[in-house]
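Q: Numbering of the sequence shown is given in the working numbering, commencing with residue -8 and proceeding in unit increments.
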Amino acid sequence: MIVRDFNESKHTRRRVVSEGWESVRLLLKDDDMGFSFHITTIYEGAELHLHYKNHFESVYCVSGEGSIEDCATGEVHEIKPGVMYALDKHDKHILRGKTEMVMACCFNPPVTGREVHQADGSYALEGEAI
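1. Closest to V74 by CA distance: which of T90, A95 and I85 is it?
2. What does the alpha-carbon distance come out to for the pair I70 and D23?
3. Assuming contact is defined by CB atoms lying nearer than 7 Å, are P72 and C52 in contact in what I supplied?
4. Along the alpha helix (DSSP H) that carries E(-1), what are the first and last residues, could you check?
What follows is the structure in structure tokens.
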């Protein structure tokens, strides 16, 4: 059984901070669960151009408001508490924080822990140059 406290983890190397967001990675590849689980905060006013071409991601909004734009269709979906989205086709997207948003996120394959977005908006796979 794995038990971790978010409030403790956010003061460790599990907390990763980058431009427009920060994330506390509660489950990682080394935990052998087949996915990673993060609590990610998107900062108010952030506009993140993302493309998880190497990962699938599902996201549940815990608090805050914003939107996600599907770059393939131009369709914009509002995000608010209770809304979930899944990037089931490695969807290129733009995530915008109208207010600070707290999101619960799962990644498959799992991340190793220190990843930040590359220039194309993706996370590198383990072993790839970052």
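For every residue, glycine included, the Cβ atom is placed at its ideal position computed from N, Cα and C.
A: The answer reads as follows:
1. The residue you call residue 74 lines up with position 83 of the sequence shown. Considering only alpha carbons, the answer is A95.
2. Numbered from its first residue, the sequence shown carries residue 70 at position 79. Numbered from its first residue, the sequence shown carries residue 23 at position 32. The alpha-carbon atoms of I70 and D23 are separated by roughly 31 Å.
3. As a first step, residue 72 is located in the sequence shown; it is residue number 81 there, counting from the start. As a first step, residue 52 is located in the sequence shown; it is residue number 61 there, counting from the start. Going by C-beta atoms, P72 is nearer than 7 Å to C52.
4. Here the question's residue -1 lines up with position 8 in the sequence shown. Start and end: F(-3) to S0.
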